[in-house]
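>
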Amino acid sequence: MALTDRPRYLAWLRRWQGHQLVKVVTGVRRCGKSTLLAMFQAELAAQGVAARQIMSFNLEDPDTESTLSQGLALYHEVKASLVPGQTTYVFIDEAQHLTELERTVAGLALLPDVDLYITGSNSGFLSQELATRLTGRYQELHVLPLSFAESAGEVSVGQHGEELDHYLKFGGFPYVARLAPDETMVREYLGAVVDAVLLKDVARRQASVNVAVLNTVTDFMFDNVGNQASIKRISDSLTSAGRKIGRGAVQNYVDGLVEAYLLYPAQRYDIRGKARLSSNPKYYLVDPGLRRARLGSRHADLGHVLENVVFLELLRRYRRVAVGKLDVGEVDFVVETDDGPAYYQVALNVDEPSTLARELRSLAAIPGHAPRTLLVGDHASRVTYDGIPRVNVVDWLLEVA
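Right, dumping it as structure tokens:
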């Protein structure tokens, strides 16, 4: 099966190629980090880089982990293989398994003629100590599963059909393309991905863990995508449902889900006061397919799933996404562009006049003349309401940003 092109990410790797900075590639397990680096290595080979100048280590390979993850063994392996005057490209996959992570990476970064790339599946691996050692000497690329445009392939702007429904149901983890449309296989695969993340990237990083409680918190967060979620509310909701969980445990597990890149918080932003608010963020999933796989089709709130897809696409394009707060209500998303803020409201459909009026009310109340867009999941033609365009979400997802 042909590999799916990742143009944004490959362009980033090309831009930083040859610079004496550590390229740190982060993202949830199975989102395509290893494949991305393999594609980049193939490009290097096509450029004429000799095979001996490309060194790749996968620290989840038992043989590699047992021989090179301890102490500074990997550092010495690379150092012994260098040829003076020739650039050696070093790739370390799942670098968090190195027992001497900070010393190994910092040491490799100091070697002449080494172009270093490392990946990790938990934000905690880029620890304070490593970040301090590498201050000013690394760049981070955060990788998400396939976007709608990447997964849809040849679909062009203006074409509609079942592509969006398929993406809302199955999501964009690369291997899912080999399994769809077999829903059972997709559900089992994505369920296994979540289980692996919970075990390897959340539970192992907790001082103590109750797996049943961790699973309960995970299911609650998956079921409340797009809702404001204070730790107190989560704890109270679970307690009232018969599962008494203290706020400290809830906080630890939610933080763990965020560090493992399963969840992404969107902080609230006071639009009139132009200030970020620290309380009651909303949380979104790293991939729309995970919710259905984990909870089943009965929890398929397509409005919130579509909102989740838009959040992820904004995160790809702008990196930082907030939820807008106004006296009259909320604006789903606020992003900071090179020209200032832009605002987005998301709706599955606006067939009912009252629904359309509600979605436009918050956008119309935003002071100033910043761009504001209503993204809708129906197939209607583009319409403008007092300067606010209604745009089909498929067309928007396929735009080159």
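Throughout the sequence shown, residue numbering follows our numbering, covering 68 to 468 in sequence.
The beta carbon of each residue, even a glycine, is placed where N, CA and C say it ideally should be.
1) May I ask you to list the residues that DSSP assigns as paired with residue 254?
2) Alpha carbon to alpha carbon, how far is residue 73 from residue 103?
3) Express the C-alpha separation of residue 181 and residue 175 in angstroms, rounding to a whole number.
4) Quick check: residue 124 and residue 163, are their CB atoms within less than 8 Å of each other?
5) Pick helix, strand or coil for residue 230, following the three-state DSSP scheme.
6) Hey, residue 135 and residue 107: beta-carbon distance below 8 Å or not?
7) Can you tell which of 161, 431, 437, 399 has the C-alpha that lies nearest to the C-alpha of residue 129?
8) For residue 159, I'd like the list of residues in its chain whose CB is within less than 6 Å of its CB, leaving aside the five on either flank, ordered along the chain.
9) By Cβ distance below 7 Å, which residues in the same chain neighbour residue 246 in space, the five residues on each side in sequence not counted?
10) So who's on the other strand from residue 323, going by DSSP bridges?
11) Within 10 angstroms of the Cβ of residue 446, are there 16 or more other Cβ atoms? Answer buried if so, exposed if not.
12) Spell out the partners DSSP gives residue 337 in its beta bridges.
13) Quick one, which of 70, 444, 132 has its alpha-carbon nearest residue 229's?
14) Taking the continuous beta strand (DSSP E) assigned at residue 475, which residues delimit it?
15) Go through the region 79-156 residue by residue and report every complete run of the alpha helix (DSSP H) that reaches 4 residues or more, in order.
16) Taking the alpha-carbon positions, what's the residue 165 to residue 147 distance?
17) Would you give the residue range spanned by the beta strand (DSSP E) that residue 439 belongs to?
18) Between 126, 155, 194, which has its C-alpha nearest residue 178's C-alpha?
19) Expressed to the nearest angstrom, what Euclidean distance is found between the alpha-carbon atoms of residue 289 and residue 305?
20) Nearest-angstrom Cα distance between residue 9 and residue 399?
21) To the nearest angstrom, how far is it from the Cα of residue 331 to the Cα of residue 263?
22) Tell me which residues share the same chain as residue 286 and place their Cβ nearer than 8 Å to its Cβ, disregarding the 5 neighbours each side in the sequence.
23) Decide yes or no for the touch test of the region 308-320 against the region 208-219: beta carbon pairs closer than 8 Å, at least 3 of them.
24) Based on DSSP bridge pairs, tell me the residues matched to residue 450.
25) Which term fits residue 97, buried or exposed, when burial requires 16 or more other beta carbons within 10 angstroms of its beta carbon?
26) For residue 454, which option in 338, 422, 441, 292 has the closest C-alpha, if you only look at C-alpha atoms?
27) Count the other C-beta atoms from every protein chain shown that fall within 10 angstroms of the C-beta of residue 202, then say buried if there are 16 or more, exposed otherwise.
28) Spatial neighbours of residue 137 within its chain, please: C-beta separation below 7 Å, excluding the five flanking residues on both sides.
29) Which residue wins for smallest C-alpha separation from residue 183, given the options 204, 418, 298, 90?
30) Between which two residues does the alpha helix (DSSP H) containing residue 313 stretch?
31) Over what stretch of residues does the alpha helix (DSSP H) that includes residue 408 continue unbroken?
32) Keeping to the same chain, check which residues put their C-beta closer than 8 Å to that of residue 261; ignore five residues upstream and five downstream.
33) Over what stretch of residues does the beta strand (DSSP E) that includes residue 207 continue unbroken?
34) With residue 195 as the anchor, note down where its alpha helix (DSSP H) starts and where it stops.
35) Between residue 157 and residue 429, what straight-line distance do the alpha-carbon atoms span, to the nearest angstrom?
36) If contacts are defined as beta-carbon pairs under 8 Å, then residue 437 and residue 407 qualify, I think. What distance do you get, rounded to the angstrom?
Put simply:
1) Its beta-bridge partners do not exist; DSSP assigns none.
2) 7 Å
3) 7 Å
4) no
5) helix
6) no
7) 161
8) 124, 185
9) 252, 253, 256
10) None; residue 323 has no bridge partner.
11) exposed
12) 342, 392
13) 444
14) Because residue 475 is not part of the residues shown, which for the chain are 68 to 468, the question remains open.
15) 100-113, 129-135, 140-148
16) 19 Å
17) 439-443
18) 155
19) 13 Å
20) The chain is shown only over 68 to 468; residue 9 falls outside these bounds and no answer can be derived.
21) 18 Å
22) 361, 362
23) no
24) 457
25) buried
26) 441
27) exposed
28) 166
29) 90
30) Where residue 313 is concerned, there is no enclosing alpha helix (DSSP H), given that its DSSP letter is neither H nor E.
31) Taken as a continuous stretch (DSSP letters only), residue 408 belongs to no alpha helix (DSSP H), being part of the beta strand (DSSP E) at 407-414.
32) 285, 329, 357, 360, 361
33) 205-209
34) 195-200
35) 50 Å
36) 6 Å
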